[in-house]
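*Asks:* Counting in our numbering, the sequence shown runs from 22 upward without gaps. C-beta atoms are modelled at their ideal positions from N, C-alpha and C, and glycine is treated no differently.
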Amino acid sequence: MRVKQPFALDRAMFVLVMIDLLFLPFLLPVPVPLSFAVLPIWLLSLRPERISAGAVIAIIGAMFAIFSYILGINSTPGIDDSSIRRSAYTAIIIFMFGTYVAGSMTNFRTFHLHIHILRLYLIFVFLLSIIFFWRFDDYFLVRQFWAFGDNVDIADNLNTLTRFTGTLSDPNNLAVSTVAITAFLVFFAPQQVGRNIAAMAMTAVIVIASMSSTGIICYAALIVAFITGSRLKTGPRILLLLGSVIVGIAIYDIVKNTDVFALASQRVADTDSESRLSRWQLALDSSKFLSSLIVGDGGTILLNGMEYKPHNGHIHVAYSFGLVCYIAFATIFFRVYRIRDWRHYLFLAIIFTGFTVNVGIYEHRFAGIWVVLLVIYHRLAAPQPAPKRITQQQRAAREGSVSST
22 MRVKQPFALD
32 RAMFVLVMID
42 LLFLPFLLPV
52 PVPLSFAVLP
62 IWLLSLRPER
72 ISAGAVIAII
82 GAMFAIFSYI
92 LGINSTPGID
102 DSSIRRSAYT
112 AIIIFMFGTY
122 VAGSMTNFRT
132 FHLHIHILRL
142 YLIFVFLLSI
152 IFFWRFDDYF
162 LVRQFWAFGD
172 NVDIADNLNT
182 LTRFTGTLSD
192 PNNLAVSTVA
202 ITAFLVFFAP
212 QQVGRNIAAM
222 AMTAVIVIAS
232 MSSTGIICYA
242 ALIVAFITGS
252 RLKTGPRILL
262 LLGSVIVGIA
272 IYDIVKNTDV
282 FALASQRVAD
292 TDSESRLSRW
302 QLALDSSKFL
312 SSLIVGDGGT
322 ILLNGMEYKP
332 HNGHIHVAYS
342 FGLVCYIAFA
352 TIFFRVYRIR
362 DWRHYLFLAI
372 IFTGFTVNVG
382 IYEHRFAGIW
392 VVLLVIYHRL
402 AAPQPAPKRI
412 TQQQRAAREG
422 SVSST
């Protein structure tokens with residue numbers, strides 16, 4: 022007989038945050054996700070017996086982000102509309118730290134519901150990508166539902182600038198986060214082979230629709246890891262390889278003659294890594310590095326009197342919020358367990374790639390997906406304390422107390 026679990030507000034808050042980040046539009050009258058309003062309630066609902074070291078580090082990181090923001094808006098006035106971006110980027114990183122703190126202290130029982138929600142999200146984005154392949158202008162009409170306000174441009178023609186973004190704002194962020202979710206599902210539930218192949222097939226369509234070079238590279242790494250990391254015997258592994266090839270050929274045959282596939286192929290061929298490297302080299306400024314040791318510019322980066330966008334998450338966090346905040350951020354959000362079982366943290370390597378070449382945490386959905394996956398991963402993969410050993414004297418004392426009653 023299945024025992025019904027009692028309702029717990031902290032666990033309900035985590036599910037609500039997941040649903041908001043993955044599915045819901047802006048429900049508040051201001052461009053603030055519902056998750057940001059839920060987080061304080063979630064934190065107040067917690068009754069932890071102790072606070073973990075990771076939670077303490079996250080609190081320190083959030084404090085330095087707040088200090089950087091306050092000092093930044095007072096010492097370096099916003100350039101044009103950078104004050105809005107400052108507030109948004111600062112809110113996002115504080116949300117990441119806060120969600121990690123809440124998640125680390127939530128008393129989870131199982132993660133079956135959360136895994137189902139992630140699978141539903143893949144199906145949801147896959148259906149949106151089908152609309153994009155079928156009629157891209159219809160997709161942009163549907164996409165308005167997840168935008169804030171009415172100022173949404175509807176694309177007149179398909180090109181590399183009118184790409185599929187799901188419910189996110191950046192196609193690279195969509196591709197990376199989708200591949201990361203699939204990697205998480207595949208390697209934490211390897212026994213569900215059929216569902217995993219279906220998830221990878223849907224992800225392939227999503228990545229092609231996004232026309233993301235980074236997403237294609239990450240997806241290729243996922244396929245290689247899925248085949249080589251399988252614990253199946255030689256015969257079943259060959260069948261798995263053949264099944265994956267057949268699914269891949271079927272997807273290719275369906276999309277090869279579409280305009281989306283042609284543009285995606287063109288964009289991969291035209292990818293220029295030197296442009297990003299040249300932007301990163303601008304950050305090699307010793308005076309900027311020294312001035313960011315404790316606090317940063319507060320959400321955005323000012324370099325030589327102008328706003329600087331590095332296209333690199335490490336530079337963004339270090340110079341926007343200071344190196345202390347970056348160390349706290351890296352300690353938490355790139356922490357891995359079970360080094361020997363590399364498949365379990367492949368999803369984190371994929372997110373690391375997207376963070377390195379495209380920042381990602383400029384938008385709340387990417388940042389939220391990252392921290393949600395990380396909370397589940399840390400709770401599943403963290404070493405569990407060994408059970409206390411009962412000495413012979415303690416056992417004799419217990420048996421004596423039982424017999425006396």
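Of the choices Trp63, Pro54 and Phe47, whose alpha-carbon is the least far from that of alanine 29?
*Replies:* Ranking the options by Cα distance to alanine 29, first place goes to Trp63.
*Asks:* What's the gap between the Cα of leucine 305 and the Cα of phenylalanine 376?
*Replies:* If I take the Cα positions, the gap works out to 19 Å.
*Asks:* Please say whether leucine 92 and valine 316 have beta carbons closer to each other than 7 Å?
*Replies:* In this structure, leucine 92 lies closer than 7 Å to valine 316 by Cβ.
*Asks:* Is tyrosine 121 near valine 392, with beta carbons less than 7 Å apart?
*Replies:* In this structure, valine 392 lies closer than 7 Å to tyrosine 121 by Cβ.
*Asks:* Going by DSSP, which residues form a beta bridge with leucine 324?
*Replies:* Partner(s): Met327.
*Asks:* Looking at the unbroken alpha helix (DSSP H) that takes in proline 61, where does it start and where does it end?
*Replies:* Here the alpha helix (DSSP H) through proline 61 covers 55-65.
*Asks:* Taking the beta carbon of alanine 271 as the centre, do at least 16 other beta carbons fall within 10 Å, making it buried, or is it exposed?
*Replies:* Label assigned to alanine 271: exposed.
*Asks:* Pick helix, strand or coil for threonine 131, following the three-state DSSP scheme.
*Replies:* The answer is coil: DSSP assigns threonine 131 none of H, G, I, E or B.
*Asks:* Return the chain-ordered list of same chain residues with a C-beta closer than 6 Å to the C-beta of isoleucine 322, the five sequence neighbours on each side being excluded.
*Replies:* The answer, listed in chain order, is Tyr329, Tyr340 and Ser341.
*Asks:* If you measure between the beta carbons of leucine 243 and alanine 220, is that distance less than 7 Å?
*Replies:* Contact: no.
*Asks:* How is glycine 187 classed by DSSP in three states: helix, strand or coil?
*Replies:* DSSP places glycine 187 in coil when its eight states are reduced to three.
*Asks:* Could you spell out the range, first to last residue, of the alpha helix (DSSP H) harbouring aspartate 31?
*Replies:* Where aspartate 31 is concerned, the enclosing alpha helix (DSSP H) stretches over 30-43.
*Asks:* Is glutamine 306 helix, strand or coil when you go by DSSP?
*Replies:* The residue you asked about is not glutamine; residue 306 is aspartate in the sequence shown. The answer is coil: DSSP assigns aspartate 306 none of H, G, I, E or B.
*Asks:* Tell me whether methionine 22 is buried or exposed, calling it buried when 16 or more other Cβ atoms sit within 10 Å of its Cβ.
*Replies:* With a pLDDT of 43 at methionine 22, under the threshold of 50, the predicted position of this residue should be treated as unreliable, and no value is reported.
*Asks:* Over what stretch of residues does the alpha helix (DSSP H) that includes leucine 48 continue unbroken?
*Replies:* Unbroken run through leucine 48: none, as it is neither H nor E.
*Asks:* Please tell me whether methionine 84 has its Cβ less than 7 Å away from any Cβ of chain B.
*Replies:* Here there is only one protein chain, and chain B is not present.
*Asks:* When we look at the beta-carbon of arginine 156 and count the other beta-carbons within 10 Å, is it buried (16 or more) or exposed?
*Replies:* Per the 10 Å Cβ criterion, exposed.
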